[in-house]
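Counting from 391, one number per residue, gives the positions in the sequence shown under this note's numbering. Notes to accompany the following structure.
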Amino acid sequence: MDNEQMTRMQLRKNKRKPFFKKWWFWLIVVIVIAAGVGFGVFKHYNQNNSNSYSESTSKKVEKSKSTSTKEKTSSKKTSDSSTNSNTKKITLEQFNNIALDETNGTSWDTIKPIFGTPVSHTTANVQNTDVDVQNWDNVANATDGSMVSIGFTSNHAVSKKITNLKVNRASEIDIQKFAEIESDQSEDQVIKTLGKPNSYDISNINGSSLTELTYSSGIKGDSGAKIVITLTNGKVSKQVQNGVK
Numbered sequence: 391m392d393n394e395q396m397t398r399m400q401l402r403k404n405k406r407k408p409f410f411k412k413w414w415f416w417l418i419v420v421i422v423i424a425a426g427v428g429f430g431v432f433k434h435y436n437q438n439n440s441n442s443y444s445e446s447t448s449k450k451v452e453k454s455k456s457t458s459t460k461e462k463t464s465s466k467k468t469s470d471s472s473t474n475s476n477t478k479k480i481t482l483e484q485f486n487n488i489a490l491d492e493t494n495g496t497s498w499d500t501i502k503p504i505f506g507t508p509v510s511h512t513t514a515n516v517q518n519t520d521v522d523v524q525n526w527d528n529v530a531n532a533t534d535g536s537m538v539s540i541g542f543t544s545n546h547a548v549s550k551k552i553t554n555l556k557v558n559r560a561s562e563i564d565i566q567k568f569a570e571i572e573s574d575q576s577e578d579q580v581i582k583t584l585g586k587p588n589s590y591d592i593s594n595i596n597g598s599s600l601t602e603l604t605y606s607s608g609i610k611g612d613s614g615a616k617i618v619i620t621l622t623n624g625k626v627s628k629q630v631q632n633g634v635k
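Right, dumping it as structure tokens:
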């Protein structure tokens with residue numbers, strides 16, 4: 391009997407519970423699950439922070455680029471505006487609109503806002519009269535070295551000159567065409583025969599007008615060939631050629 395009881399007790403003692411029924415097993419399971427959840431939360435948090443930082447950085451870069459672009463655009467506009475102001479060209483039409491007369495000629499105060507600041511200032515003797523000459527080099531449709539010069543007395547324009555204008559000619563000016571120019575012809579007749587000149591030099595002082603028309607391009611002849619037609623009070627008074635054939 392005692393042996394039988396011992397045997398049963400030993401059997402109960404020796405009979406072990408499955409490990410998943412042990413309390414420590416479930417403790418380990420809980421710890422592992424908690425660790426997994428914690429890792430997942432930590433990873434998600436870091437990922438969100440990373441995305442947030444990336445988006446913030448991207449926005450800052452885009453904002454910086456946008457600001458830089460606006461600044462460049464603004465700078466370009468300012469530069470373009472300044473350039474346009476400094477390179478305003480004087481046209482032949484504006485030149486032609488200047489009236490010449492000691493008392494009724496176009497005033498300096500009228501011309502300066504249109505032509506801008508002159509590049510130089512000289513004095514000259516025009517028809518035996520001392521004049522104050524203002525010079526500009528911003529001439530439209532002209533070659534290098536072109537100038538506009540306006541002479542003043544008592545703040546009124548009495549002389550004007552424009553040089554080196556570009557002219558497209560249908561045909562070259564030869565010696566035969568030059569020979570067609572005769573004394574007492576009008577300026578319109580000269581231009582009808584020879585075409586538009588490359589330079590105009592005009593003055594009107596003491597009731598006397600003097601005009602010089604210079605032709606320096608589209609001429610048949612030597613290099614540097616030139617024609618100068620002088621008109622006094624609107625009529626041809628002198629015609630000179632050099633190197634024309």
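By construction, the Cβ of each residue, glycine as well, lies at the ideal position given by its N, Cα and C atoms.
Own chain, CB closer than 7 Å to residue i, minus 5 neighbours either side, in chain order
i: Trp498; result: Phe542 and Asn545
i: Lys478; result: Gly506 and Asn528
i: Ala532; result: Asn554, Leu555 and Lys556
i: Pro508; result: Gln524, Asn525 and Trp526
i: Ala530; result: Lys479, Ile480 and Thr481
i: Lys628; result: Thr620
i: Ala514; result: Val521, Val523 and Gly541
i: Thr622; result: Leu600
i: Ser576; result: Gly624 and Lys625
i: Gly535; result: Asn554
Simplified DSSP assignment, three categories, for residue i
i: Ile581; result: helix
i: Val420; result: helix
i: Asn558; result: coil
i: Thr543; result: strand
i: Ser573; result: coil
i: Val551; result: Val is not the amino acid found at residue 551; the sequence shown has Lys there. In this structure, Lys551 counts as strand in the three-state DSSP scheme.
i: Val451; result: Low local confidence applies: a pLDDT of 48 at Val451 is under 50, so the model's placement there is unreliable, and no value is given.
Counted within 10 angstroms of its Cβ, other Cβ atoms place residue i as buried (16 or more) or exposed
i: Pro587; result: buried
i: Gly495; result: buried
i: Ser510; result: exposed
i: Gln566; result: exposed
i: Ala569; result: exposed
i: Val538; result: buried
i: Val630; result: exposed
i: Asp574; result: exposed
i: Asp591; result: buried
i: Ala560; result: exposed
i: Phe485; result: buried
i: Thr604; result: buried
i: Ser589; result: buried
i: Ile581; result: exposed
i: Ser420; result: What sits at residue 420 in the sequence shown is Val, not Ser. With fewer than 16 Cβ atoms within 10 Å of its Cβ, Val420 is classed as exposed.
i: Ile501; result: buried
Residue i - containing beta strand (DSSP E), residue span
i: Ile617; result: Gly611 to Thr622
i: Leu600; result: Ser598 to Tyr605
i: Asp591; result: Ser589 to Ile595
i: Ser627; result: Lys625 to Val634
Contacts around residue i, its chain only, beta-carbon distance under 6 Å, and the 5 residues preceding and following it disregarded
i: Thr519; result: Ile595
i: Glu562; result: Gly608 and Lys610
i: Lys550; result: Ile488, Ile540 and Ile592
i: Lys616; result: Ser606 and Asn632
i: Asp564; result: Lys610
i: Ala547; result: Ile488, Leu490, Gly495, Thr496 and Ile540
i: Asp612; result: Gly633
i: Ile659; result: The structure shown has nothing for residue 659, since the chain only spans 391 to 635.
Unbroken alpha helix (DSSP H) run spanning residue i, endpoints
i: Ile565; result: Ile565 to Ala569
i: Asn486; result: Leu482 to Asn486
Chain-order list of residues whose beta-carbon lies under 8 Å from that of residue i (same chain, five-residue window excluded)
i: Ser598; result: Gln517, Thr622 and Asn623
- Task: Entirely within the segment 489–535 and at least 4 residues each: give me those alpha helix (DSSP H) ranges in chain order.
- Result: You should have 498–505.
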